[in-house]
Amino acid sequence: MRYAMAIDTKKCVGCSDCVVACQTENNVPIGYCRDWIVEVTDGTYPQLEIEIRSERCNHCENSPCVRCCPTGASHYEAGGIVTVTHNECIGCGACIQSCPYDARYSHPDGYVDKCTFCLHRVKKGQQPACVEVCPTKCMYFGDLDDPNSDISQVLKKRKSKTLIPEAGTKPHVYYLI
Amino acid sequence: MREEIITSGRLNPNIDPHLEIWHWHIPLYLFLGGLAAGILFFASLYVVLGKENQFRGAVRRAPVIVPILLIVGLAALFLDLKHKMYFWQLYTTIKLQSPMSWGAWTLMAITPISFIWVAIHIKEFLPKWEWKWLIFKELELFFVKNKIYLAWVTLFLSVILGIYTGILFSAFNARPLWNTSILGPLFLTSGLSAGAAVIILFSKRKGERVNFAKIDIMLIGIELFLIVHMFMGFLASTEVQIEAANLFLGGQYTAPFWIFVVIIGMIVPAVLEFLELKKFHIPHVIPVVLVLFGSLMLRFVFAYAGQLSRWLY
Amino acid sequence: MAKTRRDFIRISSLSTAGVLAGAKYLQSAMPQFLQANQTSGGDVDLQRTPTYCEVCFWQCAGWVYKNEDGSIKKIVGNDDDPNCNGRFCPRGTGGVGMYYDEDRLKTPLMRVTGADGKQSYKEVSWDEAFDFIAEKLVKIKEEHGPECTALFTHGSGGHYWGTLLKAFGSGNIAAPSYAQCRGPREVAFIATFGSGLNSPEPTDIRDTRCLVLIGSHLGENMHNGQVQELSDAIDKGATIITVDPRFSTVASKSKHWLPIKPATDIALLLSWIREIVNNEWYDREYIEKYAYGFDQLKAYVQPFTPEWAYGITTISPGQIRETAREMANASPSVIIHPGRHVTWYGDDTQRLRAVAILNALLGSWGRRGGFFVPDKMSLPDYPHPPFPAPTRTWRDAMGGKYNLADLALASGVCDATIPSPELDCNIKGWIVNGTNLIMTLPDQKKTIDAINNLDLLVVVDTMPMEITGYADIVLPECTYLERWDDFRLAQGREPSIALRAPAAEPKYNSKPAYWMAKELSKRLGLEDYFAWNSFEEMLDWQLKQVGSSLDEMKRIGVKNLPRAYDDLYFQPGEDIEFNTNTGKIELYSTALAEEGFDPMPVYTPHAEPPEGYYHLNYGRAPMHTFSRTANNPNLTDLMDENTVWVNPKVARQWYLKNGQEVYLENQDGIVTDFAVKVRITERIRFDSVYIVHGFGHSNKKLSRAHGKGASDSQLITRVLLDPIMGGTGMRGNFVTFRLEKESEVQS
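Residue numbers (my numbering), protein chains in the order written: chain Z, 897 to 1073; chain A, 57 to 369; chain R, 287 to 1033.
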């Protein structure tokens, strides 16, 4: 089993619903977030193009954050989801330094926090909150090892990319382009 | 025109607009750790070489401050932790791939050793000192008898500690400025140089001071060589590392790096020490303070500039 | 110097007792607020309450979930709701912030004048507030007649206040969403097809093969259902054509983006019509069967060649031809989207007429992938006596103009409030429900002028918006998460009913609007119009009439019903009587001709910005609804200020840097209250700037919104009135940059 997410940049309008849905679902305090929107505009008026991405922890296969964690608080869950066990985290910040995507932050309660792919929902067979709320239905979540899953299908059909593959982290959030 | 912006979310404190998750604590901790490693390195080295009597300053006197350095350093590290009550979790596991774990365990080992080292040399400062309890007397006897082994262990651990102060940074692929293996040797050398400088202060014998001034000049030479080497490596590397190097080559941290670290912290003290060797009268405390300052600044500049260097946006 | 009767009061300047009491509320609110956001992830199955959203007019139905401690945690969409299909937009998801906002209005406030002549607000009881209002209303009725009162409304509470006002004897019930927003479109489509579009628009986007957006920035306006269908259309490979001087989000998703010169859309539309008519790309059978005036139209559009339009619009003739062909290829599954906020240049009804004509030619009205025939549920009103007929309305102040307006004009009511020699009586009392007229109506000075001529201004709101500072009485309404409301009866492919039930007790001393209206009715002797004992009883009674019950609705939240009559689309060869003078789709409008207007749309050139000035274009961001969400803690977290978009060429001329703060000054010398950050971007034309509407709040009591960004409303002082229906065109304003304010220069 290998969980992954794919985000269709052709459909995403950057509305930020994923951000606010994550905040309410996971009780992320105001002023913090686990996911965010990036808009890249290229060209000169009127020859322009925009790529809009909803970004979050990439749940890398080769996660520098898991590697550098001195206590094992950052770890892989079943399906490769990278999570932080709050009461094992000492808040040293090494994992924050180690993430090329800057996906982690220091929660006001002290531990380091980040996207969990809504592990608590996934365990119940639900989709992550961001995927479920997205008005453009531009997000796909599922098991890469299952060739019939939505995500396997969409990745087979469409061209995709990952962010900073050259960092060698083997990210598992894909962007359909 | 290319425009790449985060339109919403990600206003996370200390992450945006640029990373600033490590403040003064970490560079201070790394400086104190490096300095402690430097002192212990020379102390144990001269025991191993059997030259304890020529280098009493290095072996018997200077290490007295090491436990204090380590404790202050650990206190700084502790203050930096955001989830302090879970500090003990560090010692529930050994994570070979985590420099932070290596450091925690190395300090766990070297801190008691530094206390032992001070304890068996306590008569250097308090000639009339007598241990009150028998157990301490026996322990002292044991360590004095096996001092050569203790020295070997200390030598080994001090090198690890010295290198660790650099590896802690260089293990982060995500911060291009840190992500160079030169950082380990560079921070080790800087720590040794600082250690040598402190020994000069503690030494009562001119010959020993001259010896350490020479060592210091040599170490500074190595540091400068490593710095040049580091820039060559960066500039021949990927775009993000070129950009990272540019933080020191015209970018935001150019002045602090070249003025505080290289000129005031390395070149000036090396010249002063050299002049001293050439019989010019220079109070030896001046180059010592400058070396310590440079060593501290090196960590500060790298800690802050490194957090500015990134892959994205 | 004219002394204004009504000083603007910031709600912070309460009497001392009020401040203290307020601080107490704040403290009691804060821990709860933090707590609700900090409890660990909810694994428990949470209790849920049905609601429909009140953050915007789309009114998506959803469920409110609570934490174990009973505090509101999140709102998610109801899977059965046709407006949202189980997916809320960011504003709906962030609706919890409306409830938790600690800046909310907390208790009724009354304007009092102190011994020193300074006006301030005093906290009063609900009884005191109602007694005061009733006394003033009765006085207006006795001195001027009940017609001299008016209601401005946006949102659910409008129905109860409307009932009260109609029972009182006034017909002046206006929503700024008409004359300031979608009015021209309704009039144009009524003139063409005999029926308006209403809300949500019956656009069949999910099945369309070609979607044409003219100045509509779908995706930045989160009209939820439409955005969802836009995404479906992209998936199915529909061609999207976007006409916008700005490279909007949806422009970036489009096959064709036409970066039109502002204010020239009618020229483009006429040229498209000509191409489609002359190349015989129109739906011949449909036009022959249903349309009136094709020959007149054909003759009329002959001069409007793509080359002619090129000179006006700067869109190349090749692009005009190609996009016309794309539309024709997709016919009848094509939508020339009418847009929503369409009050731009004063000739808006005519522009929307051109849009309607184009849709008619392509046969998209009543066809799959075009416009479907909507159906809507209706429920009987709870029995009440008939309303008295008012003897006068705001229309009397209009001098016979705007007869085609099918709803009241907020700006017209505002005009009818300012005394003039032609009026025998101007309006004396306003009830303003949930709409921040200061930001909503163009020409702020005029609005304030009208307010200064009032004997009574009652403002009902959840937040201390700017308008509350002008009120005699401020009534704090509880948020939609804390109250019952009328059912949402949305039009759509199938009729549906949605229930709103309270998920929590009202915070502070806030109350639902239905309760306020009922309480006030008792003091005015109008209680027969609110004859129900409890609101639940009234809702249950209504449901029982259609074979449902409140218990059922509490369980399901949304009930979808089968269509009552006719089909979703016109059947082939079906005979259809359109509700126009001719009974046909009027390409040539007889109704407009009767009123003395051009029966077919005419292009008229509009003013161009003087040297150093730029078109002020404004729009929306997906995470905000106008100015009303500007203080919502969850939504300001996503976007807390607007920026002014400037083309890099313009930025170079002005030596502007990205993120630099500037003030904007319009053609009438009005400067924004607050500085706004420059965003240098290729996405905007060199002759325009763009800002998101709804920022630059001046009321300090809005702790998160105050002073953030610039207010476009402030800069809209030149209003281009639509002679047909009185719409207030707001896009005729030009702005320039001011690097610092005069006051700053002096100091």
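All residues carry an ideal CB built from backbone N, CA and C; glycine is no exception.
Beta-carbon proximity of residue i to residue j, cut-off 7 angstroms
i: G350/A; j: V317/A; result: yes
i: W185/A; j: I178/A; result: yes
i: R66/A; j: W932/Z; result: yes
i: T754/R; j: T765/R; result: no
i: P618/R; j: G649/R; result: yes
i: P155/A; j: R355/A; result: no
i: T905/Z; j: I1060/Z; result: no
i: I970/R; j: R532/R; result: yes
i: A646/R; j: A577/R; result: yes
i: G523/R; j: D1008/R; result: no
Spatial neighbours of residue i in its chain, beta-carbon cut-off 7 angstroms, leaving aside the 5 residues before and after
i: I298/A; result: F290 and L291
i: E332/A; result: A269, I338 and H340
i: G869/R; result: E863
i: G720/R; result: T439, H440, G441, G443, V746 and D747
i: P603/R; result: P592, E593 and Y596
Residues of its chain near residue i, where Cβ-Cβ distance is below 6 angstroms and the 5 sequence neighbours each way are ignored
i: A675/R; result: none
i: T981/Z; result: A969
i: A118/A; result: I95, V254, I255 and F258
i: V1005/R; result: P728, D729 and T1014
i: F1023/R; result: W940 and V948
i: S557/R; result: F590, P592, A595 and I606
Cutoff 7 angstroms: residue i Cβ touching any chain Z Cβ
i: Y142/A; result: yes
i: F228/A; result: yes
i: R373/R; result: yes
i: Q153/A; result: yes
i: T63/A; result: yes
i: Q318/R; result: Residue placement at Q318/R cannot be trusted, given a pLDDT of 39 that sits under 50; what the coordinates show is reported in the next sentence. No, Q318/R lies away from the interface with chain Z (no Cβ there is under 7 angstroms from its Cβ).
i: I956/R; result: no
i: F1023/R; result: no
i: T149/A; result: yes
i: A160/A; result: yes
i: M514/R; result: What sits at residue 514/R in the sequence shown is Gln, not Met. For Q514/R, the answer is yes, since a Cβ of chain Z falls inside 7 angstroms of its Cβ.
i: M508/R; result: yes
Residue i at chain R interface by Cβ criterion, 7 angstroms
i: S1056/Z; result: no
i: E59/A; result: yes
Short CB-CB distance (under 7 angstroms) between residue i and chain A
i: D1009/Z; result: no
i: M925/R; result: yes
i: P934/R; result: yes
i: E608/R; result: no
i: T911/R; result: no
i: T929/R; result: no
i: I933/Z; result: yes
Own chain partners of residue i with C-beta closer than 8 angstroms, once the 5 adjacent residues on each side are dropped
i: P394/R; result: E409, V410, S411, W412, E414, A415, I759, V760, L761, P762 and N795
i: C994/Z; result: What sits at residue 994/Z in the sequence shown is Ser, not Cys. Answer for S994/Z: P960, C961, R963 and C964, listed in chain order.
i: T911/R; result: V341, C342, R377 and G980
- Taking one C-beta from the region 629-644 of chain R and one from the region 473-488 of chain R each time, how about it: are there three or more such pairs within less than 8 angstroms? yes
- Task: May I ask you to verify whether the region 361-381 of chain R touches the region 713-730 of chain R, counting CB pairs closer than 8 angstroms and requiring at least 3?
- Result: no
- Item | Inside the region 591-623 of chain R only - alpha helix (DSSP H) runs reaching at least 4 residues | 592-599 and 603-616
- Scan the region 419-505 of chain R and note each continuous alpha helix (DSSP H) run of 4 residues or more that stays entirely inside, going in chain order. 444-454 and 469-479
- Message: Quick test of the definition: if touching needs 3 or more C-beta pairs under 8 angstroms, does the region 519-535 of chain R touch the region 487-507 of chain R?
- Response: yes
- Query: Taking contact to mean at least 3 C-beta pairs separated by less than 8 angstroms, is the region 909-917 of chain Z in contact with the region 369-388 of chain R?
  - Reply: yes
- Message: If we require 4 or more residues per run, which alpha helix (DSSP H) segments fall completely within the region 176-213 of chain A?
- Response: 190-201
- Query: Any chance the region 977-997 of chain R sits against the region 954-963 of chain R, with 3 or more Cβ pairs inside 8 angstroms?
  - Reply: yes
- Query: Are three or more beta carbon pairs between the region 510-525 of chain R and the region 878-888 of chain R nearer than 8 angstroms?
  - Reply: no
- At least 3 beta-carbon pairs within less than 8 angstroms: the region 344-352 of chain R vs the region 705-717 of chain R: no
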